[in-house]
Amino acid sequence: MAAIEITLLILLLASIVIGLLGSILGIGGGVFLIPIMTLGLGIPIAVAAATSLVTIIVTSSTSASKYLHDGLVNVRLGMFLELFTVVGAIIGAFLVTSLEPSTIEAVFAIVLVYAAIYMQFNTEDSCEPRDISSPSSLKSRFGGSFNDECAGKRIEYGVRNLGRGAGASAVAGGLSGLIGVGGGIVNVPAMHIWMGVPMRAAAATSTFMIGVTAVASALVYFANGLVAPAITAVAAIGIFIGASIGVKKMTKITNRSIKVLFSATLLVISVLMFLRAGGWL
Amino acid sequence: MPPEAQSELTSKMERALHGVLLVGTVLSIALFLIGTCLAIVRSEISGVEETISLESMADSMASFSGIGFIIAGIIVLVATPLIRIIATMMYFGGRDRLLSLIAVATLAMIVLSFLIRMM
Chain H
0 MAAIEITLLI LLLASIVIGL LGSILGIGGG VFLIPIMTLG LGIPIAVAAA TSLVTIIVTS
60 STSASKYLHD GLVNVRLGMF LELFTVVGAI IGAFLVTSLE PSTIEAVFAI VLVYAAIYMQ
120 FNTEDSCEPR DISSPSSLKS RFGGSFNDEC AGKRIEYGVR NLGRGAGASA VAGGLSGLIG
180 VGGGIVNVPA MHIWMGVPMR AAAATSTFMI GVTAVASALV YFANGLVAPA ITAVAAIGIF
240 IGASIGVKKM TKITNRSIKV LFSATLLVIS VLMFLRAGGW L
Chain C
0 MPPEAQSELT SKMERALHGV LLVGTVLSIA LFLIGTCLAI VRSEISGVEE TISLESMADS
60 MASFSGIGFI IAGIIVLVAT PLIRIIATMM YFGGRDRLLS LIAVATLAMI VLSFLIRMM
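Chains as they are written, first to last, in numbering that gives the first Met the number 0: chain H, 0 to 280; chain C, 0 to 118.
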């Protein structure tokens with residue numbers, strides 16, 4: 000098998016695993032995929048970001064399709080926040096051609112550290128969600144409800160701090176446009192902690208949103224001629240397979256040791272990205 | 000609108016959006032599979048990181064090359080969330096003016112940013 004085929008096979012296998020993780024965590028998987036492409040396969044970060052954005056659309060569409068069917072997505076809230084992620088994404092994507100690759104790699108490394116910390120605190124280890132909606136927010140326009148199979152009851156929730164959530168969404172979109180991630184690592188905690196959305200609904204709504212966020216950035220990358228068709232297609236196929244498996248569970252990774260392992264992996268990758276940004280790798 | 004009717008409408012919308020996303024994704028993945036197989040068999044890939052310009056995309060698709068099928072798949076995939084926005088605009092239509100306007104603004108910004116970059 001030629002080197003090209005071997006490279007594509009490695010990318011395919013890695014993408015399957017990333018698609019699985021992304022659909023469960025409510026993120027697009029770019030934080031895992033981009034380091035694999037840049038550090039492992041030597042692909043320039045701008046091209047890797049463009050590829051990542053396409054795969055994020057796959058994760059989003061595959062997973063959100065299932066979550067919509069299950070009634071988990073808060074469509075109204077998602078559409079509202081999308082407006083701000085798109086603004087951020089467009090700004091980020093326009094900046095990417097103006098910045099040095101080492102600067103983008105350094106930003107990405109910082110985001111990886113954040114993602115490593117986020118993975119430790121983003122999950123609920125019991126079925127019963129915390130009561131995080133204040134009574135006054137229950138009748139807000141963007142409130143929602145869903146049948147929580149784990150808890151065995153219907154959960155109703157309201158939404159608060161829309162302004163803060165909108166600001167976080169703009170930051171998420173900016174990251175998407177700049178480094179090719181979906182923004183879920185910002186969207187999910189912002190919705191859950193600041194806006195009072197239960198974790199499962201926050202993850203599902205984030206998954207619903209990141210597809211549009213990725214499109215906003217991706218089109219700018221495409222106009223700049225940064226699409227690599229071969230790796231884009233293979234990564235997308237792998238992500239689709241992984242996400243299709245992941246949505247059937249929609250349970251969080253509750254095993255503490257697995258979460259620690261993934262966080263440690265992200266931290267190691269962030270160190271390597273810092274070294275690469277500094278020209279030492 | 001009574002809560003029961005609102006809930007029924009929301010369920011219909013969710014089912015429609017589910018369909019849009021599912022069909023768009025499956026179609027694009029099918030195009031990716033066809034394109035990748037053709038590209039490998041015909042040795043169209045000289046380097047995995049090889050990029051393609053917007054101008055070359057049209058030529059690739061017109062020649063029905065493996066790369067052309069992949070490009071078609073990317074176009075379908077990118078169009079899927081945009082069609083989703085249009086579908087939500089149609090559902091919210093006269094029922095929720097604010098969300099309709101939000102959807103229009105979101106779509107307009109995405110299209111404008113692409114056109115600006117093209118120029």
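Just so you know, even glycine gets a beta-carbon here, dropped at the ideal spot from N, CA and C.
- Three-state class that DSSP yields for Ala2 (chain H) in the structure shown: Counting from 1 along the first sequence, the entry for residue 2 (chain H) is found at position 3. Correct three-state label for Ala2 (chain H): helix.
- Chain-ordered chain C contacts of Val219 (chain H) [CB-CB under 8 Å]: Taking the first residue of the first sequence as 1, we reach residue 219 (chain H) at position 220. In chain order: Ser112, Phe113, Arg116.
- Task: With a threshold of 16 other CB atoms inside 10 Å of the CB of Arg94 (chain C), please say whether the residue is buried or exposed.
- Result: As a first step, residue 94 (chain C) must be located in the second sequence, where it is residue number 95. That one is exposed.
- DSSP-derived helix/strand/coil call for Gly143 (chain H): The count along the first sequence starts at 1 and reaches residue 143 (chain H) at position 144. Looking at Gly143 (chain H) - three-state DSSP - the assignment turns out to be strand.
- Message: Looking at chain H, is there any beta carbon in it that lies within less than 8 Å of the beta carbon of Phe63 (chain C)?
- Response: Within the second sequence, the letter at position 64 stands for residue 63 (chain C). Output row for Phe63 (chain C): interface = no.
- So, is Gly278 (chain H) buried or exposed, given that buried needs 16 or more other C-beta atoms within 10 angstroms? Along the first sequence, one-based indexing puts residue 278 (chain H) at 279. So Gly278 (chain H) ends up on the exposed side.
- Query: Per DSSP, what kind of secondary structure is Arg83 (chain C) in: helix, strand or coil?
  - Reply: As a first step, residue 83 (chain C) is located in the second sequence; it is residue number 84 there, counting from the start. Looking at Arg83 (chain C) - three-state DSSP - the assignment turns out to be helix.
- Report yes if the C-beta distance between Phe107 (chain H) and Ile55 (chain H) is below 8 Å; otherwise report no. Indexing the first sequence from 1 puts residue 107 (chain H) at position 108. Indexing the first sequence from 1 puts residue 55 (chain H) at position 56. No, these two residues do not count as a Cβ contact at 8 Å.
- Message: Just checking: is the beta-carbon of Met89 (chain C) within a distance shorter than 8 Å of some beta-carbon in chain H?
- Response: Taking the second sequence and counting its residues from 1, one reaches residue 89 (chain C) at position 90. No, its Cβ sits nowhere closer than 8 Å to a Cβ of chain H.
- Whether Ile3 (chain H) touches Ile44 (chain C) by CB criterion (8 Å): For the purposes of this step, residue 3 (chain H) is identified with residue 4 of the first sequence, where counting begins at 1. For the purposes of this step, residue 44 (chain C) is identified with residue 45 of the second sequence, where counting begins at 1. Yes; because the gap between Cβ atoms is below 8 Å, this pair is in contact.
- Mind checking if Leu137 (chain H) is an interface residue toward chain C, Cβ cutoff 8 Å exclusive? Residue mapping note: residue 137 (chain H) aligns to position 138 of the first sequence, counting from 1. Reliability fails at Leu137 (chain H), whose pLDDT of 45 lies under 50, so the model's placement of it is uncertain and the value that follows must be treated cautiously. Closer than 8 Å: no.
- Item | Nearest to Gly182 (chain H) (by Cα), restricted to the options H:Leu67, H:Arg153, H:Tyr117, H:Phe239 | Sequence index remark: in the first sequence, residue 182 (chain H) carries index 183 (1-based). Ranking the options by Cα distance to Gly182 (chain H), first place goes to H:Tyr117.
- Can you say whether Phe63 (chain C) is buried or exposed, counting buried as having 16 or more other CB atoms within 10 angstroms of its CB? Counting from one through the second sequence, the residue named residue 63 (chain C) turns up at place 64. Phe63 (chain C) comes out exposed.
- Within 10 angstroms of its Cβ, does Leu7 (chain H) collect 16 or more other Cβ (buried), or is it exposed? The residue labelled residue 7 (chain H) in the question sits at position 8 within the first sequence. The residue in question, Leu7 (chain H), is buried, as its Cβ has 16 or more Cβ neighbours within 10 Å.
- Query: Once you ignore the five residues that flank Leu294 (chain H) on each side, which residues in its own chain have a CB closer than 6 Å to its CB?
  - Reply: Here chain H covers residues 0 to 280 and nothing more, so residue 294 (chain H) does not appear.
- Item | Residue environment, Lys65 (chain H), which counts as buried when at least 16 other CB atoms sit within 10 Å | Taking the first sequence and counting its residues from 1, one reaches residue 65 (chain H) at position 66. The residue in question, Lys65 (chain H), is buried, as its Cβ has 16 or more Cβ neighbours within 10 Å.
- Mapping DSSP to helix, strand and coil, what is Lys152 (chain H)? One-based indexing of the first sequence puts residue 152 (chain H) at position 153. Note: Lys152 (chain H) maps to strand in three-state DSSP.
- Run of the alpha helix (DSSP H) containing Val180 (chain H), from where it starts to where it stops: The residue you call residue 180 (chain H) lines up with position 181 of the first sequence. Note, Val180 (chain H): premise wrong, no alpha helix (DSSP H); not H, not E.
- Message: Strictly by DSSP, which residues pair up with Val226 (chain H)?
- Response: Locating residue 226 (chain H) in the first sequence gives position 227, counting from the first residue. In the DSSP output, where bridge partners are listed per residue, Val226 (chain H) has C:Ile51.
- Identity of the residue in H:Arg140, H:Ile192, H:Ile268 nearest Arg96 (chain C) by Cα: The residue given as residue 96 (chain C) occupies position 97 in the second sequence. Minimum Cα distance to Arg96 (chain C) is reached at H:Arg140.
- Query: Can you name, in chain order, every residue of its own chain whose Cβ lies under 8 Å from the Cβ of Ala15 (chain C), other than the five neighbours on each side?
  - Reply: Here residue 15 (chain C) is taken as the residue at index 16 of the second sequence, counted from 1. Within the same chain, Ala15 (chain C) has close Cβ partners Ala86, Tyr90.
- Message: Against chain C, does Ser175 (chain H) count as a neighbour if the rule is that its beta carbon must be under 8 Å from one of theirs?
- Response: The residue you call residue 175 (chain H) lines up with position 176 of the first sequence. Closer than 8 Å: no.
- Task: Work out the CA separation of Ser168 (chain H) and Leu80 (chain H) for me, nearest whole Å.
- Result: For this step, residue 80 (chain H) is matched to residue 81 along the first sequence. For this step, residue 168 (chain H) is matched to residue 169 along the first sequence. Whole-angstrom Cα-Cα distance: 6 Å.
- Task: Would you mind reading off the limits of the alpha helix (DSSP H) that contains Phe93 (chain H)?
- Result: Position 94 of the first sequence, counted from the first residue, corresponds to residue 93 (chain H). Its alpha helix (DSSP H) spans residues 74-94.
- Query: So what does DSSP say about Phe63 (chain C), is it helix, strand or coil?
  - Reply: The count along the second sequence starts at 1 and reaches residue 63 (chain C) at position 64. Coil at Phe63 (chain C), not helix or strand.
- Message: Pairs of beta-carbons, one from the region 27-40 of chain C and one from the region 65-74 of chain H, closer than 8 Å: are there three or more?
- Response: no
- Task: Residues of the region 91-111 of chain C with a CB closer than 7 Å to any CB of chain H: list them in chain order, please.
- Result: Leu98, Ile101, Ala102, Ala104, Thr105, Met108, Ile109
- Message: I'd like to know if Ser301 (chain H) contacts chain C, where contact means its C-beta is closer than 8 Å to some C-beta of that chain.
- Response: Chain H is shown only over 0 to 280; residue 301 (chain H) falls outside these bounds and no answer can be derived.
- Message: Using 8 Å as the threshold, is the C-beta distance between Val112 (chain H) and Leu76 (chain C) below it?
- Response: Here residue 112 (chain H) refers to the residue found at position 113 of the first sequence. Here residue 76 (chain C) refers to the residue found at position 77 of the second sequence. No. Outside cutoff.
- Message: Is the separation between the beta-carbon of Val196 (chain H) and that of Thr105 (chain C) shorter than 8 Å?
- Response: The sequence position of residue 196 (chain H) within the first sequence is 197, counting from 1. The sequence position of residue 105 (chain C) within the second sequence is 106, counting from 1. For Val196 (chain H) and Thr105 (chain C), no; Cβs fall outside 8 Å.
- Item | CA-to-CA distance, Ser175 (chain H) to Phe221 (chain H), given in whole angstroms | Your numbering for residue 221 (chain H) matches position 222 in the first sequence. Your numbering for residue 175 (chain H) matches position 176 in the first sequence. Going by the C-alpha atoms only, they are around 15 Å apart.
- Message: Taking the straight line between their C-alpha atoms, what separation do you get for Cys36 (chain C) and Val19 (chain C)?
- Response: Here residue 36 (chain C) refers to the residue found at position 37 of the second sequence. Here residue 19 (chain C) refers to the residue found at position 20 of the second sequence. Answer to the nearest angstrom: the Cα atoms are 26 Å apart.
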